[in-house]
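Participant: Residues in the sequence shown are numbered from 1 upward in steps of one, following the working numbering.
Think of the CB as a built atom: it goes at the ideal place given N, C-alpha and C, for glycine as much as any other residue.
Structure provided below as C-alpha cells; questions to follow.
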Amino acid sequence: MTESELPVQSVRSMPSRSRQLRALVALATVALLSACADTPLDTMAPESPIANEINNLFIGVGIVAIIVFVLVQGAVIYMARRFRVDAPDDEDDVYPDEEFPAQIHGNTRLEIGWTIVPTVIMAIVGFFTLGTLFNLDDVSASDDQQIEKVVVVGQQWWWEFQYHLDDDGVADIVTAGELVLPVGEEILLEVTSRDVIHSFWVPALNGKRDAVPGRSSPWTIEAGSVGRFPGECTEFCGLSHAYMEKWAVGLELADWKTWAANQMADATAPAEGTDAAAGWEVFSAQCASCHVINGLTSLNDTDAVDSVELYDGANRLIDKQTQVSGAAPNLTHIASRSSFAGGIFELYENVDEVDYLDLASAGDLNRGQLEAWIINAPEQKANAWDSPTGQRGMTPFEALSDDDVDNLVAFLMTLD
Ligand code: CUA
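Spelled out as C-alpha cells, the structure:
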C-alpha cells in the first residue's frame, strides 16, 4: 500500500465501520426483544432424543468455534502488541529501518499448517453435523406406535393436526393448536400448508420443517417426557405470523389412549332449555359456517364447503369430510384443550397446575379472554377478516348480546 492510498482508505472505511456498528446494535436489539416474547422458546432445553442430539451438536460446534475465536483473536492481539513500532517523536523523523523486525515473505511450513488445521477442524465438525442431519431426515419411525401419522396443516394463523391412527387414509382425530403425543414414541408427521409457506417448530422436541402448500414434507416428533412444550411458526407468513403458536403435549401412553378415545367421540347436543342449548343456537347461526363440531355441524349444508374445495391439495379428508373445515379450527373438543386462538391464549388460568386430561373438569376458565376473543377476534390478534382479496381469520361478532356470549361460552364448555 502506498502512502497516497492511506488517507483514502481510512476515509472510506469510516462509514462502513459505523454501518457495522449500527447493524450490531440492531442485532442486539432484536435478540433482546425476542427474549421478551410471551412464550419463551428455549432451544437449549431438549426433551426428546433428537432435540438432545441437535443440542449436543450445537454445544460441540460452539465450543470448537469459541476455541478458534479465542486463539485467532489472541494471536492477533499478541502480534499487534509484540511487533508494534512506536511512532517517531519528531514529525520530520522517519521510521528507521532497523526498528522493523525482519520482513519475511512466504513460509511453507506455516502455510501448510494453516491449510491443514482448519481443514481437519471443518472435517470433524462436518462429520458430526452430517450425522445429525441424516438422523433428522430419517423418518422411518418404529412400528411400535399408536399413530400411523399426523398430518400437520399450517394455515394463517393456526395449526391443524389430523391424526391417522391406521393406514386407511382417513383421519381419525382432527384437532387444532395442540399436538398431543404419547411419551417415548417417535411419531411420523406430514407437514403441509393450506395457503402460504409456514414452518413447524417445537424446539424442545425437534428442529424445523417448512409447511409448503401442495407439498407434504415428512418429519418426526417425539415427546421424551410428560409436559407442555411451546412451538412457533418460524417462516414469515403475514400479519399474525408472530402469533401462530402451538403446543406439543406429552402424555403417558395410558393417558394418551384415554385422550384419543375421547377425541374420537362425536359431540352431543346440549339438553333442551339449558344455557348451553341457547349457545348452540347462536353457534349454529353464527359460527358453524366456519367451525366444525363433529356430530353437530355438517359442512355439506353450508357455503364453507366451497372453501374446503379450494384447499384440496392439503390432505383434506375424503370420507369424514365433515371433520375438516378448511376455514377455521375444528372445535369438537375445545374444552379439552389448554389454549385457543392459535395457541396464544390459555383457555384455563391454571393450566400448569391441573393434569392435561383434567382441564375440562378442573380448569379455571379464562372467561374474560375467551369472551373478548369471541366478540372481537381481530382486536386480539391481527387478521384479515375484511380483506377484499382473501379473507383470513375470525370475524368480529360485536352484535352479539351479553346473553348470547354467555350462552356461547356455556355451550363451548360442554365440548370436552
Ligand atoms: Cu405461519 Cu409464520
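At which residues does the alpha helix (DSSP H) containing Val174 begin and terminate?
Facilitator: No alpha helix (DSSP H) holds Val174; the beta strand (DSSP E) holding it covers 173 to 176.
Participant: Would the stretch 76 to 88 and the stretch 208 to 220 be scored as touching if the rule is three or more Cβ pairs under 8 Å?
Facilitator: Contact between the stretch 76 to 88 and the stretch 208 to 220 is absent, because fewer than three Cβ pairs lie under 8 Å.
Participant: Report yes if the C-beta of Met244 is less than 7 Å from at least one heavy atom of ligand 1; otherwise report no.
Facilitator: yes
Participant: What would DSSP say about His291, mapped onto helix, strand or coil?
Facilitator: coil
Participant: Buried or exposed for Glu47, going by 16 or more other Cβ atoms inside 10 Å?
Facilitator: Glu47 counts as buried, since no fewer than 16 other beta carbons sit within 10 angstroms of its beta carbon.
Participant: Out of Asn376, Val249, Trp280, which one is the CA nearest neighbour of Ser339?
Facilitator: By alpha-carbon distance to Ser339, the top candidate from Asn376, Val249, Trp280 is Val249.
Participant: Which residues does DSSP list as the beta-bridge partners of Gly343?
Facilitator: For Gly343, which the question treats as bridged, DSSP gives no partner whatsoever.
Participant: Taking Cβ positions only, does Ile374 come closer than 8 Å to chain B?
Facilitator: Here chain B cannot be found, since the structure has a single protein chain.
Participant: At a threshold of 7 Å, does Trp157 count as lining ligand 1 (C-beta to nearest heavy atom)?
Facilitator: yes
Participant: Classify Asn206 as buried or exposed, calling it buried when 16 or more other Cβ atoms lie within 10 Å of its own Cβ.
Facilitator: buried
Participant: First and last residue of the beta strand (DSSP E) that includes Pro230?
Facilitator: Where Pro230 is concerned, the enclosing beta strand (DSSP E) stretches over 227 to 233.
Participant: Would you kindly check if the distance between the Cβ of Cys237 and the Cβ of Ile293 is under 8 Å?
Facilitator: No Cβ-Cβ contact shorter than 8 Å links Ile293 with Cys237.
Participant: Which residue spans inside the stretch 123 to 185 form an unbroken beta strand (DSSP E) run of at least 3?
Facilitator: 149 to 155, 158 to 164, 173 to 176, 178 to 182
Participant: Taking its Cβ as the centre, do 16 or more other Cβ atoms sit within 10 Å of Pro388, making it buried, or is it exposed?
Facilitator: exposed
Participant: Under three-state DSSP, which class holds Val196?
Facilitator: coil
Participant: Whose CA, out of Lys246, Phe397, Thr115, lies closest to the CA of Cys287?
Facilitator: Residue Phe397 is the option with its Cα nearest to Cys287.
Participant: If the criterion is Cβ atoms closer than 8 Å, does the pair Trp256 and Pro230 meet it?
Facilitator: no
Participant: Going along the chain, which residues of its own chain have a beta-carbon closer than 8 Å to the beta-carbon of Asn330, five neighbours each way excluded?
Facilitator: Glu160, Val174, Thr175, Ala176, His291, Val292, Ile293, Asn294, Gln323, Val324
Participant: Buried or exposed: which applies to His333, given that a residue is buried once 16 or more other Cβ atoms fall within 10 Å of its Cβ?
Facilitator: buried
Participant: Could you give the uninterrupted runs of the alpha helix (DSSP H) lying entirely in the stretch 343 to 392, keeping only those of 4 residues or more?
Facilitator: Those alpha helix (DSSP H) runs which fall completely within the stretch 343 to 392 and span 4+ residues are 359 to 362, 367 to 375, 377 to 380.
Participant: Span of the beta strand (DSSP E) holding Ala211?
Facilitator: It spans 209 to 211 - the beta strand (DSSP E) in which Ala211 sits, taken as one unbroken run.
Participant: State the Cα-Cα distance for the pair Asp402 and Glu349, rounded to the nearest angstrom.
Facilitator: 22 Å
Participant: How big is the Cα-Cα spacing for Leu415 and Ala377?
Facilitator: 20 Å
Participant: Looking at the structure shown, is Glu245 part of a helix, part of a strand, or coil, going by DSSP?
Facilitator: strand
Participant: Please list the terminal residues of the continuous beta strand (DSSP E) segment that includes Ile104.
Facilitator: Note, Ile104: premise wrong, no beta strand (DSSP E); not H, not E.
Participant: Taking 8 Å as the threshold (C-beta atoms), are Val226 and Asn407 in contact?
Facilitator: The answer is no: Cβ separation not under 8 Å.
Participant: Could you tell me the boundaries of the beta strand (DSSP E) in which Pro218 lies?
Facilitator: Unbroken beta strand (DSSP E) run through Pro218: 217 to 221.
Participant: Indicate the three-state DSSP secondary structure (helix, strand or coil) for Leu110 in the structure shown.
Facilitator: helix
Participant: Under three-state DSSP, which class holds Gly279?
Facilitator: helix
Participant: Look up Glu47 in the DSSP assignment and say whether it is helix, strand or coil.
Facilitator: coil
Participant: Are at least three pairs of beta-carbons, each pair with one atom in the stretch 177 to 190 and one in the stretch 367 to 376, less than 8 Å apart?
Facilitator: no
Participant: Taking only heavy atoms of ligand 3 into account, decide whether any of them is closer than 7 Å to the Cβ of Phe236.
Facilitator: Looking for ligand 3 in the displayed structure turns up nothing; the ligands present are ligand 1.
Participant: To the nearest angstrom, how far is it from the Cα of Asp301 to the Cα of Ala327?
Facilitator: Note that Asp301 has pLDDT 42, beneath the 50 cutoff, so the model's placement of it is unreliable and no number is given.
Participant: Could you tell me the distance, in whole angstroms, from the CA atom of Phe200 to the CA atom of Asp210?
Facilitator: 6 Å
Participant: Under a three-way DSSP split, which group does Gly250 fall into?
Facilitator: strand
Participant: Would you mind reading off the limits of the alpha helix (DSSP H) that contains Phe411?
Facilitator: 402 to 412
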